[in-house]
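To start, the structure under review is shown below, and the notes come after it.
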Amino acid sequence: MKIGPNEILRFFLELFAFFSLGFWGVAVWPFPLNVVVGIAAPVVAIILWALFLSPRAVIRIDLYGQAVVELLIFAAAALAWLHLGQPIIATVFAVVAVASGVVRGRKQLA
Numbered sequence: 082m083k084i085g086p087n088e089i090l091r092f093f094l095e096l097f098a099f100f101s102l103g104f105w106g107v108a109v110w111p112f113p114l115n116v117v118v119g120i121a122a123p124v125v126a127i128i129l130w131a132l133f134l135s136p137r138a139v140i141r142i143d144l145y146g147q148a149v150v151e152l153l154i155f156a157a158a159a160l161a162w163l164h165l166g167q168p169i170i171a172t173v174f175a176v177v178a179v180a181s182g183v184v185r186g187r188k189q190l191a
């Protein structure tokens, strides 16, 4: 598999999504829950990514299923930023993630 600029961008988008979910969990919830949600939210996203989207995915699904799982994770991260009162970060992240996903999808379908 050739690693190009879009794959590098997608890697950083994944990391930012996981960070966003953890930050949201810690920043929004009160003390006892912020630790639980701050750890659980990114862990659930990482497990979904490992099961369905990683290069060595445990469960192989078609391209459209992968797009749905990826969209759910990235949408959750964007919604987390909206919930934190950061609409610009949410919008920029969502636009870049969608553009990167479209480029990846077109490359895989070609």
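Numbering (my numbering), first residue to last: 82 to 191. Cβ atoms here follow ideal geometry from the backbone N, Cα and C, with glycine treated the same way. Computed from a prediction, not measured in an experiment: that's the story for all the values here.
> Distance, Cα to Cα, Leu114 vs Ala161?
Replying inline: Here residue 114 refers to the residue found at position 33 when the sequence shown is read from its first residue. Here residue 161 refers to the residue found at position 80 when the sequence shown is read from its first residue. Just so you know, the alpha carbons of Leu114 and Ala161 end up roughly 16 Å apart.
> In this structure, does DSSP put Pro113 in helix, strand or coil?
Replying inline: As a working note, residue 113 is residue 32 in the sequence shown. Helix at Pro113.
>> Am I right that Ala158 and Leu102 are in contact with their C-beta atoms under 8 Å? What's the rounded C-beta distance?
In response: In the sequence shown, the residue the question calls residue 158 occupies position 77. In the sequence shown, the residue the question calls residue 102 occupies position 21. Confirmed, Cβ separation roughly 6 Å.
>> Using a Cβ-Cβ distance cut-off of 8 Å, determine whether Ile169 contacts chain C.
In response: Absence of chain C from the displayed structure is noted, only one protein chain being present.
> Is Pro168 helix, strand or coil by DSSP?
Replying inline: For the purposes of this step, residue 168 is taken as residue 87 along the sequence shown, with counting starting at 1. Pro168 falls in the helix class under three-state DSSP.
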